[in-house]
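Participant: Pasting in a structure now, in structure tokens, and then I'll have a few things to ask.
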Amino acid sequence: MSHQQADAIDVGAIREEFPILQREFDGQQVVYLDNAATTQTPDPVVDAMSDYYRESNANVHRGIHHLSQEASEAYEAAHDRVAEFINADGREEVIFTKNTTEGENLLAYSWGLAELSPEDTVVLTEMEHHASLVTWQQIAKRTGASVEYIRVDETGRLDMDHAAELIDDDTAIVSAVHVSNTLGTVNPVSELTDLAHEHDALSFIDGAQAVPNRPVDVKEIDADFYAFSGHKMAGPTGIGVLYGKRDLLEDLNPYLYGGGMIRKVTFEDSTWGELPWKFEPGTPPIAEAVGLHAAVDWLEDIGMDRIETHEEELAAYAYDRLEAEEDVEIYGPEGGPDRGGLVSFNLEGVHAHDLTSIMNDHTIAVRAGDHCTQPLHDKLGVPASTRASFYVYNTREEIDKLVAALDDARQLFA
Numbered sequence: 116m117s118h119q120q121a122d123a124i125d126v127g128a129i130r131e132e133f134p135i136l137q138r139e140f141d142g143q144q145v146v147y148l149d150n151a152a153t154t155q156t157p158d159p160v161v162d163a164m165s166d167y168y169r170e171s172n173a174n175v176h177r178g179i180h181h182l183s184q185e186a187s188e189a190y191e192a193a194h195d196r197v198a199e200f201i202n203a204d205g206r207e208e209v210i211f212t213k214n215t216t217e218g219e220n221l222l223a224y225s226w227g228l229a230e231l232s233p234e235d236t237v238v239l240t241e242m243e244h245h246a247s248l249v250t251w252q253q254i255a256k257r258t259g260a261s262v263e264y265i266r267v268d269e270t271g272r273l274d275m276d277h278a279a280e281l282i283d284d285d286t287a288i289v290s291a292v293h294v295s296n297t298l299g300t301v302n303p304v305s306e307l308t309d310l311a312h313e314h315d316a317l318s319f320i321d322g323a324q325a326v327p328n329r330p331v332d333v334k335e336i337d338a339d340f341y342a343f344s345g346h347k348m349a350g351p352t353g354i355g356v357l358y359g360k361r362d363l364l365e366d367l368n369p370y371l372y373g374g375g376m377i378r379k380v381t382f383e384d385s386t387w388g389e390l391p392w393k394f395e396p397g398t399p400p401i402a403e404a405v406g407l408h409a410a411v412d413w414l415e416d417i418g419m420d421r422i423e424t425h426e427e428e429l430a431a432y433a434y435d436r437l438e439a440e441e442d443v444e445i446y447g448p449e450g451g452p453d454r455g456g457l458v459s460f461n462l463e464g465v466h467a468h469d470l471t472s473i474m475n476d477h478t479i480a481v482r483a484g485d486h487c488t489q490p491l492h493d494k495l496g497v498p499a500s501t502r503a504s505f506y507v508y509n510t511r512e513e514i515d516k517l518v519a520a521l522d523d524a525r526q527l528f529a
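According to the numbering used here, the stretch in the sequence shown is residues 116 to 529, in order.
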């Protein structure tokens with residue numbers, strides 16, 4: 116099915132591929148605005164995975180029978196498709212993981228434990244997800260390395276002058292989020308990568324909130340490593356991607372060990388297989404890879420430029436609607452190209468968890484809490500916030516319902 120109407124997205128046609136969006140609770144249709152946590156999965160992705168289980172289910176790289184060959188070809192084709200999607204130089208640079216978090220840990224354990232020392236500094240940002248912050252924090256404790264944080268300014272953007280001061284010849288790696296899952300800020304990741312490379316440091320970019328909703332070219336960014344998750348881009352849970360430049364991956368030792376990733380094993384030692392398999396031990400997420408392949412096809416059928424425009428417009432509309440409410444505080448940049456498809460906010464006098472519960476009474480799904488960014492919330496001076504996050508199937512009318520539901524919260528806590 117084509118989802119394009121000239122330069123616009125046919126949201127109505129897209130929503131038909133998501134039966135879950137037609138569900139009702141207490142006579143009210145679901146308004147799903149929790150896409151930064153996980154997106155819904157369209158029928159073509161579900162069908163692709165079901166077809167795999169019905170017709171081609173077998174283990175990969177382990178048999179010469181027809182089913183194993185089909186499964187192996189599908190699994191390898193998924194690597195090729197993802198490489199094409201992010202403009203990597205082939206499947207060798209695409210490692211399948213469980214999620215972005217595992218991609219972070221793979222790099223931290225494979226490279227960080229081996230290479231970091233007390234003389235080294237790891238540079239993060241104050242808006243990092245715990246997947247990055249906690250991982251590098253703990254690896255630094257083990258290795259004696261220092262961790263520094265690029266400041267977030269009062270507009271919710273990175274202080275790039277401070278970044279230029281922090282990133283120096285002692286910096287071993289710069290790890291930054293591409294799009295903040297709390298502030299919505301779209302960070303200048305190419306500039307951060309350039310700063311890292313000027314000082315012979317590596318760069319890691321957390322793309323969990325970027326790859327689903329905008330074109331991402333890893334060569335253009337020049338990131339050494341880049342990670343993202345399938346379940347945030349209309350794909351299945353249980354699969355993510357760690358991209359790495361081939362020469363760097365070849366030099367890394369594996370993080371996990373077992374079958375499928377070895378070249379030769381003796382009682383005394385082992386050698387590793389070729390990329391990317393040396394980082395994918397055991398039975399991999401085969402059906403999930405098939406689903407991820409289908410999700411990429413589905414997204415590109417719509418067009419990543421169109422998806423980016425759609426989300427940017429929804430975020431700007433939500434920002435403007437919420438900003439017009441005098442008792443609402445919004446976090447992060449104003450709506451526009453510096454903001455991704457989410458808005459975090461608080462309603463005066465109402466805790467975020469209470470507000471989210473009231474939203475649920477209206478069958479509006481949003482998220483409350485610190486969104487795995489506790490230090491950032493500490494900096495903002497709030498224990499939690501409510502986050503509304505949008506995707507390709509969301510509409511302005513759903514945002515209007517969100518804003519209207521604020522009145523119930525006001526009345527209840529008056």
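Don't be surprised by glycine CBs; every beta carbon is placed ideally from N, CA and C.
Computed from a prediction, not measured in an experiment: that's the story for all the values here.
1) Would you list, in sequence order, the uninterrupted beta strand (DSSP E) runs of no fewer than 3 residues that lie entirely inside the stretch 254 to 316?
2) Secondary structure at F394, three-state DSSP: helix, strand or coil?
3) Between which two residues does the beta strand (DSSP E) containing T386 stretch?
4) For K360, which three-state DSSP category applies?
5) Measure the alpha-carbon distance for M116 versus V160 and round it to whole angstroms.
6) Taking the beta strand (DSSP E) that I179 belongs to, which residues open and close that run?
7) Taking the alpha-carbon positions, what's the S344 to A439 distance?
8) I need the boundaries of the alpha helix (DSSP H) containing R421, first residue and last residue.
9) Given 8 Å as the limit, is there contact between the stretch 419 to 428 and the stretch 237 to 246, that is, 3 or more CB pairs closer than that?
10) Quick one: give me the first and last residue of the beta strand (DSSP E) that K379 is part of.
11) Determine which residues share a DSSP beta bridge with A342 and list them.
12) Is V458 near G271, with beta carbons less than 8 Å apart?
13) Residues in its own chain within less than 7 Å of E263 by CB, not counting five upstream and five downstream?
14) If we call anything under 8 Å between Cβ atoms a contact, is Y434 one with R511?
15) If you follow the beta strand (DSSP E) that T212 is part of, which residue opens it and which one closes it?
16) Please state whether DSSP places N220 in a helix, a strand or coil.
17) Do you know offhand how far L491's Cα is from T154's?
18) So the candidates are A325, N368, A409 and T308; which of them puts its Cα closest to the Cα of P351?
19) Do Y446 and L495 count as a contact pair if the criterion is CB distance below 8 Å?
20) Quick one: residues in its chain with C-beta nearer than 7 Å to the C-beta of V465, no 5 flanking neighbours on either side, listed in chain order?
21) Give a yes or no on whether the C-beta atoms belonging to A278 and L307 are separated by under 8 Å.
22) In the structure shown, what three-state DSSP assignment does F133 receive?
23) Does the pairing of the stretch 346 to 363 with the stretch 371 to 386 give three or more beta-carbon distances under 8 Å?
24) Identify whether D149 lies in helix, strand or coil by the three-state DSSP scheme.
25) Express the C-alpha separation of T297 and D476 in angstroms, rounding to a whole number.
26) Please work out which residues of its chain come closer than 7 Å, Cβ to Cβ, to I254, disregarding the five sequence neighbours upstream and downstream, and give them in chain order.
27) Does P400 pass the burial test, meaning 16 or more other C-beta atoms within 10 Å, or should it be called exposed?
28) When you compare the stretch 332 to 343 with the stretch 196 to 203, are there three or more beta-carbon pairs, one atom per stretch, that lie closer than 8 Å?
29) Which class does T156 belong to by DSSP, given the choice of helix, strand or coil?
30) Please classify Q324: is it buried, with 16 or more other beta-carbons within 10 angstroms of its beta-carbon, or exposed?
31) If I measure Cβ to Cβ from E284 and keep anything under 8 Å in the same chain, skipping five residues before and after, which residues do I get?
32) Mapping the DSSP letters down to three states, classify F200 as helix, strand or coil.
33) For the beta strand (DSSP E) that contains A173, what are its first and last residues?
34) On a CA-only basis, which of G218, M376 and E188 is nearest A246? Give me that one, please.
35) Would you kindly work out how many angstroms separate the C-alpha atoms of A430 and T478, rounded to a whole number?
36) Do you know how far the Cα of E383 is from the Cα of A342?
Facilitator: Short version:
1) 261 to 265 and 286 to 292
2) To locate residue 394, count along the sequence shown from 1; it is residue 279. If DSSP states are grouped into helix, strand and coil, F394 belongs with the helices.
3) Position 271 of the sequence shown, counted from the start, is the residue given in the question as residue 386. From DSSP, the beta strand (DSSP E) with T386 extends over S385 to W387.
4) Counting from one through the sequence shown, the residue named residue 360 turns up at place 245. Of the three classes helix, strand and coil, the one that applies to K360 here is coil, per DSSP.
5) For this step, residue 116 is matched to residue 1 along the sequence shown. For this step, residue 160 is matched to residue 45 along the sequence shown. Here M116 scores only 47 on pLDDT, less than 50, and its place in the model should not be relied on; the value that follows carries that caveat. Going by the C-alpha atoms only, they are around 13 Å apart.
6) Within the sequence shown, the letter at position 64 stands for residue 179. Counting along the chain, I179 falls outside any beta strand (DSSP E), and DSSP gives it neither H nor E.
7) Here residue 344 refers to the residue found at position 229 when the sequence shown is read from its first residue. Here residue 439 refers to the residue found at position 324 when the sequence shown is read from its first residue. Those two C-alpha atoms are separated by around 34 Å.
8) For the purposes of this step, residue 421 is taken as the residue at position 306 of the sequence shown. Here the alpha helix (DSSP H) through R421 covers M419 to E438.
9) no
10) Taking the first residue of the sequence shown as position 1, residue 379 is located at position 264. Unbroken beta strand (DSSP E) run through K379: I377 to V380.
11) Your numbering for residue 342 matches position 227 in the sequence shown. Paired residues: D321 and L357.
12) Within the sequence shown, residue 458 is the residue found at index 343, counting from 1. Within the sequence shown, residue 271 is the residue found at index 156, counting from 1. Cβ atoms of V458 and G271: not closer than 8 Å.
13) Along the sequence shown, one-based indexing puts residue 263 at 148. Closer than 7 Å at the Cβ level, and outside the excluded window around E263, lie T236, V238 and L281.
14) Sequence index remark: in the sequence shown, residue 434 carries index 319 (1-based). Sequence index remark: in the sequence shown, residue 511 carries index 396 (1-based). Going by C-beta atoms, Y434 is not nearer than 8 Å to R511.
15) The sequence position of residue 212 within the sequence shown is 97, counting from 1. Its beta strand (DSSP E) spans residues V209 to T212.
16) On the sequence shown, position 105 is the one that residue 220 refers to. In this structure, N220 counts as helix in the three-state DSSP scheme.
17) Locating residue 491 in the sequence shown gives position 376, counting from the first residue. Locating residue 154 in the sequence shown gives position 39, counting from the first residue. Cα to Cα, the separation comes out at about 24 Å.
18) For the purposes of this step, residue 351 is taken as residue 236 along the sequence shown, with counting starting at 1. P351 has its Cα closest to that of A409, out of A325, N368, A409 and T308.
19) Counted from its first residue, the sequence shown places residue 495 at position 380. Counted from its first residue, the sequence shown places residue 446 at position 331. Contact flag set, yes.
20) Position 350 of the sequence shown holds residue 465. Within the same chain, V465 has close Cβ partners A524 and F528.
21) Taking the sequence shown and counting its residues from 1, one reaches residue 278 at position 163. Taking the sequence shown and counting its residues from 1, one reaches residue 307 at position 192. Taking 8 Å as the Cβ cut-off, A278 and L307 qualify as a contacting pair.
22) Along the sequence shown, one-based indexing puts residue 133 at 18. Coil at F133, not helix or strand.
23) no
24) In the sequence shown, residue 149 corresponds to position 34, counting from 1. Strand at D149.
25) In the sequence shown, counting from the first residue as 1, residue 476 sits at position 361. In the sequence shown, counting from the first residue as 1, residue 297 sits at position 182. Taking the straight line joining both Cα atoms gives about 24 Å.
26) Residue numbering aside, residue 254 sits at position 139 when the sequence shown is read from its first letter. Cβ neighbours of I254 beyond the five flanking positions: A223, G227, L228 and L231.
27) For the purposes of this step, residue 400 is taken as residue 285 along the sequence shown, with counting starting at 1. Result: buried.
28) yes
29) Here residue 156 refers to the residue found at position 41 when the sequence shown is read from its first residue. T156 falls in the coil class under three-state DSSP.
30) The residue you call residue 324 lines up with position 209 of the sequence shown. When all chains shown are included, Q324 counts as buried.
31) Mapped onto the sequence shown, residue 284 falls at position 169. Per the sequence shown, residue 284 should be read as Asp rather than Glu. Cβ within range, chain order: H314 and D315.
32) For the purposes of this step, residue 200 is taken as residue 85 along the sequence shown, with counting starting at 1. Residue state, collapsed to three classes: helix.
33) Numbered from its first residue, the sequence shown carries residue 173 at position 58. A173 -> no beta strand (DSSP E), and no H or E assigned at all.
34) Locating residue 246 in the sequence shown gives position 131, where the first residue counts as 1. Checking every option, the nearest Cα to that of A246 belongs to G218.
35) As a first step, residue 430 is located in the sequence shown; it is residue number 315 there, counting from the start. As a first step, residue 478 is located in the sequence shown; it is residue number 363 there, counting from the start. Distance between the alpha carbons of A430 and T478 is about 20 Å.
36) If you number the sequence shown from 1, residue 342 lands on position 227. If you number the sequence shown from 1, residue 383 lands on position 268. Each residue's Cα considered, the two are about 34 Å apart.
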